[in-house]
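Protein chains in written order, with the working numbering: chain Y, -1 to 288; chain L, 67 to 154. Notes follow the structure.
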Amino acid sequence: MEAHRGAVLCLAAEGQSGAIVTGGDDGRFLRLSPDGSLKEIASFGTRLVDCVAAGPGLYACSSSRTAHVWRSDETTSKTFEHPSTVGGLAFDTKGRRLAVAHYGGATVWERGERRWKATKLVWKGSHGAVTFSPDGKYVATSTQENALHGWRLRDKADMRMSGYPTKVKSFAWVGTAPFLATSGADEAVCWPFDTKDGPMGRPPQSCAYGGKQLCTAVSGLVGLDGVFAGFADGCVLAGRPSNDGSMEDMVIKGSSGTPVSALAITPDGWLFVGDEAGRILWVRLDGGVE
Amino acid sequence: MKNLFERRAAPGRAGMVKAWVTEHLDLAETDIVSVAELACHEPDCPPVETVVTVHGSNGQHRTWHIHRPLAEIEQTDIVTALAEQIGH
């Protein structure tokens, strides 16, 4: 299906409905339903739609410094301005807050009775993808340095999750703790968020050791202690986070020589693997991954 | 329309290896055998190994590492590898 007239720049799943929202360099913000129907939520003309997000009954996209938020039953949007181009958008699980990453930190917009209230989270540098922890207590962003940055929303205490040899381009909430599993090292690096202090002052756990090659993508599910990690040589390993690497990894996909560029898992157990050659492989995770 | 999510038999040598493992371990239809060729990036390791994993329908899994490319694996390699672990 031809949705955008040009490159698709960003995509987000809507959740239970199975629909997705997309943004393109044609300036359009679209919603694609599982039945194949396409709806244009907004068009910004010559301006790119850089980031998109979807929450319960809400859509959001950004173009340059402005984030736009729609309720799914309304045609007019709220607009939120930021100090620089928006690097990432994310709703919390209840759809009450929108996190916006930009230069100098992130802004959390919280929906009130009459208006949305902004809370600024400050950390120097450029911030890209952003995420809320599943319990809504933390926000984490990827940065232009080889590190993630996180804030505890209750008191804005912040934490630097560093030590990576490269930039972290992929992260996912996984497991019961839960962990924030991340790419960017030679294994999946998993930061624990299971206490009131989250990963502050604690080392990360790890799994899925790729043998001194870089992990390029991670995926997993909240509640399931399995991390899926794709690597620069095309292999995909599954592992469980541990303090000493004692948990045995499983091979999900062998080496192909082409880096894994994206991983996605569905709640009913299908793992999708995308690589830099444009191929998509899917595998049913029956049985052995629990 | 072709069902892209249908379970299909593996082609070529991977399918043969799966058949040998299934036969030798007397696996059930619900058990899953996966075969993957893995490049090793550690010094002093063979450049390519083949990893055979059996995912039991009870949730357990067993793994064998055979230090040669998939194309060179014969039935005797499988029998030897399976026997070694069973022997442990």
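Ideal placement from N, C-alpha and C gives every residue a C-beta, glycine not left out.
Between T129(Y) and A116(Y) a beta carbon distance of about 18 angstroms is seen, past the 8 angstroms cut, so the two are scored as non-contacting.
DSSP places I139(L) in the coil class of the three-state scheme, outside both helix and strand.
Our two residues, I250(Y) and L148(L), have alpha carbons roughly 20 angstroms apart in a direct line.
For A215(Y), the closest of V98(Y), L119(Y), V234(Y), L279(Y) by C-alpha to C-alpha distance is V234(Y).
The three-state secondary structure of W107(Y), taken from DSSP, is strand. Membership of E79(Y) in the beta strand (DSSP E) is indicated by the continuous run 76 to 79. When secondary structure is reduced to three states using DSSP, K122(Y) falls in the coil class, being assigned neither helix nor strand. Using a Cβ-Cβ cut-off of 8 angstroms, G110(Y) does not count as an interface residue toward chain L, since no Cβ of chain L sits closer than that to its own.
Neighbours of V249(Y) in chain L, taken as residues whose beta carbon is under 8 angstroms from its own, are S100, A102, L104, V117, T119, T129 in chain order.
For E108(L), the nearest beta carbon of chain Y is closer than 8 angstroms to its own beta carbon. M(-1)(Y) is classed as exposed because its beta carbon has fewer than 16 other beta carbons within 10 Å across all chains shown.
The beta carbons of V99(L) and V87(L) sit about 5 angstroms from each other, so the pair counts as a contact at 8 angstroms. Interface with chain L (8 angstroms Cβ-Cβ cutoff): G252(Y) is included. Separation of G196(Y) and G102(Y) (C-alpha to C-alpha, rounded to the nearest whole angstrom) is 22 angstroms. It is roughly 28 angstroms from the alpha-carbon of T96(L) to the alpha-carbon of R134(L). With the rule of 3 Cβ pairs closer than 8 angstroms, the segment 56 to 63 of chain Y counts as touching the segment 78 to 92 of chain Y. Short of 6 angstroms from the beta carbon of R238(Y), and not among the five residues preceding or following it, lie these beta carbons of its own chain, in chain order: C205, D223, M245. Residues of the same chain with a CB within less than 6 angstroms of the CB of V187(Y), apart from the 5 flanking positions on each side, are T180, P202, S204 in chain order.
For the pair of segments examined, the segment 90 to 102 of chain Y was found not to touch the segment 18 to 36 of chain Y: the number of CB pairs separated by less than 8 angstroms stays below three.
Along the segment 215 to 237 of chain Y, going in chain order, the ones with a CB nearer than 8 angstroms to a CB of chain L are D231, C233. With 16 or more neighbouring CB atoms inside 10 Å of its own CB, W149(Y) falls in the buried class. Under the three-state reduction of DSSP, R277(Y) is assigned to coil, being neither helix nor strand.
In terms of Cα proximity to G43(Y), the closest of L36(Y), F27(Y), G55(Y), R158(Y) is F27(Y). In the same chain as E143(Y), and ignoring 5 residues on each side of it, the C-beta atoms closer than 8 angstroms to its own belong to G123, S160, K165, in chain order. The C-beta of L178(Y) has 16 or more other C-beta atoms within 10 Å across all chains shown, which makes the residue buried.
Secondary structure note for L28(Y): its beta strand (DSSP E) is the uninterrupted segment 26 to 30. A residue is called buried when at least 16 other Cβ atoms come within 10 angstroms of its Cβ; S140(Y) meets this threshold and is buried.
Taking C-beta separations shorter than 7 angstroms and ignoring five residues to either side along the sequence, the partners of G255(Y) in its chain run D231, G232, following chain order. Looking at K135(Y), C59(Y), Q211(Y), R45(Y), the one whose alpha-carbon comes closest to that of T91(Y) is K135(Y).
For the segment 191 to 216 of chain Y, the beta-carbon criterion of a distance under 8 angstroms to any beta-carbon of chain L is satisfied by G208, G209, K210, Q211. When only Cα atoms are considered, R109(Y) and H147(Y) end up about 24 angstroms apart. Residues of the same chain with a CB within less than 7 angstroms of the CB of T73(Y), apart from the 5 flanking positions on each side, do not exist.
Taking a 10 Å sphere around the C-beta of C111(L), we find fewer than 16 other C-beta atoms and assign the residue as exposed. Scanning N241(Y), H2(Y), Q211(Y) for the CA closest to the CA of A227(Y) turns up Q211(Y). Non-local C-beta neighbours of S70(Y) in its own chain, meaning closer than 6 angstroms and more than five positions away in sequence, comprise G55, ordered along the chain. Remark: C-beta atoms of V114(L) and E103(L) approach each other more closely than 8 angstroms.
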